[in-house]
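The structure under discussion appears below in the form of structure tokens.
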Amino acid sequence: MRLDKFLKVSRIIKRRTIANEACDAGRITVNGRNAKASYNVNVGDKVEVELGNRKIKFKVIKVNECIKKEEAQSMYEMID
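Quick note on numbering: the sequence shown equals residues 1335 to 1414 in this note's numbering.
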């Protein structure tokens, strides 16, 4: 699954266009490298998202094309 779609489906970022813009601006890294929106997300990837003054670090646990809102958090695990 594409990185921008993963961020939307997992509800880390509410809209795919915003996820796309964040990738283009270099605010999203995967495994320590800047990532494009087209990056193919894999289980075990460590993603860091920087939006405004907020930084989110998480590890991808599973990749599902569609998931219920209540189960979205099961797709990733927060990292300190």
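We put the CB at the ideal spot given by N, CA and C, even for glycine. Source: prediction; values computed, not measured.
DSSP three-state label for N1365, please.
Three-state DSSP puts N1365 in coil, outside helix and strand.
Do K1393 and I1413 come within 8 Å of each other at the CB atom, strictly closer than that value?
Taking 8 Å as the Cβ cut-off, I1413 and K1393 qualify as a contacting pair.
Please report the residue range of the beta strand (DSSP E) in which E1399 lies.
Element bounds for E1399: n/a, residue is neither H nor E.
Can you give me the C-alpha to C-alpha distance between K1403 and E1411, rounded to a whole angstrom?
So the two alpha carbons sit approximately 16 Å from each other.
Is A1356 near I1346, with beta carbons less than 8 Å apart?
In this structure, I1346 does not lie closer than 8 Å to A1356 by Cβ.
State the start and end residues of the unbroken alpha helix (DSSP H) segment that holds K1380.
DSSP places K1380 outside any alpha helix (DSSP H); the residue lies instead in the beta strand (DSSP E), whose first and last residues are K1380 to L1385.
Put N1376 into one of helix, strand or coil per three-state DSSP.
Of the three classes helix, strand and coil, the one that applies to N1376 here is coil, per DSSP.
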